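Residue numbers (the working numbering): 599 to 907.
Cβ atoms here follow ideal geometry from the backbone N, Cα and C, with glycine treated the same way.
Since the structure is predicted, the reported quantities are computational estimates derived from the model, not experimental observations.
As structure tokens, the structure follows; a few thoughts come after it.
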Ligand code: DON
């Protein structure tokens, strides 16, 4: 199977799915994201044996947005342990849009899972660090380890654009502060969260993270353990149940690979025994998932029988 997936095949598939870019829209609620070109498409596969194949605009940098929620969860779990984290954030999918406040009102004691914004904001609050910059600095160092690339930074323009307009996320934080899920300054937690979402990668770096998760938390090149196996498993389980928000059910049926999307149009997929797959295509469907990313992962999964189910 592996040898079949050549750069030429991936290029051909990218060309086949390119027209779907016009079935969706580039995110516009963060002004800096609205300038992305919907035809800027890229895909990379990093296998667990270390080989890789990629196609399209592989140099294009995009911000992680909600994909960062998987990595902040891993770090918060490593910082605090499972009991502490899951006393404050639940494990159940919601079937609601990612920024919905509705469930918080129904279940004020804790947000339902760490992939919706409420849960992710609570998780960011749990990352060790006295200041937002210390938390984000620790998350960046963790991502440097995951990718073996110390050049990765966050995009300041995207972070400040989102910070200025994140009124719903502020509301979620105030709500959670009222119910003592978070403490301290709402502005500081939001500052850390918006910087976390603005961390910039390309598809090759992201696919390597997917491969590390597929390799039970060990770095592919060195074999060094970076995430404990049981925590890597927790992250992948959330990717299955909540990674594509209120489209997680149909994605599980059509693709069947643990995956997490972000509103920049990127998708991180991780498949045990196979490796990591990263796709970038900024045009989004009405749930906030990359239209081209979903199409391409569906093609790959069907052609190579990759579903875990
Ligand atoms: O909280 C937000 O609005 C964003 N920074 C992240 C949202 C996101 O990526 C949702 N994804 N599909």
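Start-to-end residues for the alpha helix (DSSP H) that takes in residue i
| i | result |
| --- | --- |
| residue 672 | 666-678 |
| residue 805 | 801-812 |
| residue 605 | 605-615 |
| residue 704 | 700-704 |
| residue 832 | 827-840 |
Minimum C-alpha distance to residue i - residue among the options
| i | options | result |
| --- | --- | --- |
| residue 810 | 671, 695, 714, 744 | 744 |
| residue 669 | 856, 890, 722 | 722 |
| residue 885 | 802, 903, 779, 860 | 860 |
| residue 653 | 692, 672, 605, 719 | 605 |
| residue 731 | 895, 764, 785 | 785 |
| residue 825 | 616, 672, 641 | 672 |
| residue 887 | 717, 775, 737, 662 | 662 |
| residue 666 | 906, 898, 808 | 808 |
| residue 681 | 837, 869, 832 | 832 |
| residue 624 | 639, 602, 699 | 639 |
| residue 773 | 856, 782, 900, 702 | 702 |
| residue 876 | 864, 883, 869, 882 | 864 |
| residue 678 | 691, 726, 799 | 726 |
| residue 889 | 902, 849, 873 | 849 |
| residue 603 | 698, 839, 899 | 899 |
| residue 664 | 649, 801, 842 | 842 |
| residue 655 | 866, 688, 676, 802 | 802 |
| residue 756 | 872, 862, 641 | 862 |
| residue 879 | 610, 611, 636 | 636 |
| residue 858 | 840, 650, 871 | 840 |
| residue 851 | 822, 907, 799, 800 | 907 |
| residue 608 | 867, 690, 777, 651 | 651 |
| residue 659 | 901, 750, 646 | 750 |
| residue 791 | 684, 610, 735, 641 | 735 |
| residue 688 | 716, 647, 657 | 716 |
| residue 868 | 882, 844, 895 | 895 |
| residue 746 | 804, 698, 690, 711 | 804 |
| residue 854 | 830, 870, 905, 823 | 905 |
| residue 696 | 902, 844, 866 | 844 |
Cβ-based burial, residue i [other Cβ within 10 Å; buried from 16]
| i | result |
| --- | --- |
| residue 621 | exposed |
| residue 713 | buried |
| residue 599 | exposed |
| residue 705 | exposed |
| residue 742 | exposed |
| residue 767 | buried |
| residue 794 | buried |
| residue 827 | exposed |
| residue 718 | buried |
| residue 729 | exposed |
| residue 846 | buried |
| residue 686 | buried |
| residue 813 | buried |
| residue 816 | buried |
| residue 700 | exposed |
| residue 739 | exposed |
| residue 835 | exposed |
| residue 613 | exposed |
| residue 787 | buried |
| residue 754 | exposed |
| residue 806 | buried |
| residue 644 | buried |
| residue 873 | buried |
| residue 634 | buried |
| residue 761 | buried |
| residue 692 | buried |
| residue 909 | An answer regarding residue 909 cannot be provided, because it is not within the stretch 599 to 907 covered by the chain. |
| residue 617 | exposed |
| residue 819 | exposed |
| residue 707 | exposed |
| residue 891 | buried |
| residue 649 | exposed |
Run of the beta strand (DSSP E) containing residue i, from where it starts to where it stops
| i | result |
| --- | --- |
| residue 642 | 640-645 |
| residue 653 | 650-654 |
beta-carbon residue i near the ligand ADP non-hydrogen atom, thresh 7 Å
| i | result |
| --- | --- |
| residue 748 | Because the ligand ADP does not appear in the structure shown, any question about it cannot be addressed here, the ligands present being the ligand DON. |
### Task
Pick out the complete alpha helix (DSSP H) segments inside the region 845-891, 4 residues or longer, and give them in chain order.
846-852
### Task
Can you check the region 714-747 for any alpha helix (DSSP H) of at least 4 residues that lies completely inside it and give the ranges in chain order?
715-724, 730-745
### Message
Which runs of the beta strand (DSSP E) at least 3 residues long sit entirely within the region 744-801? Give them in chain order.
### Response
none
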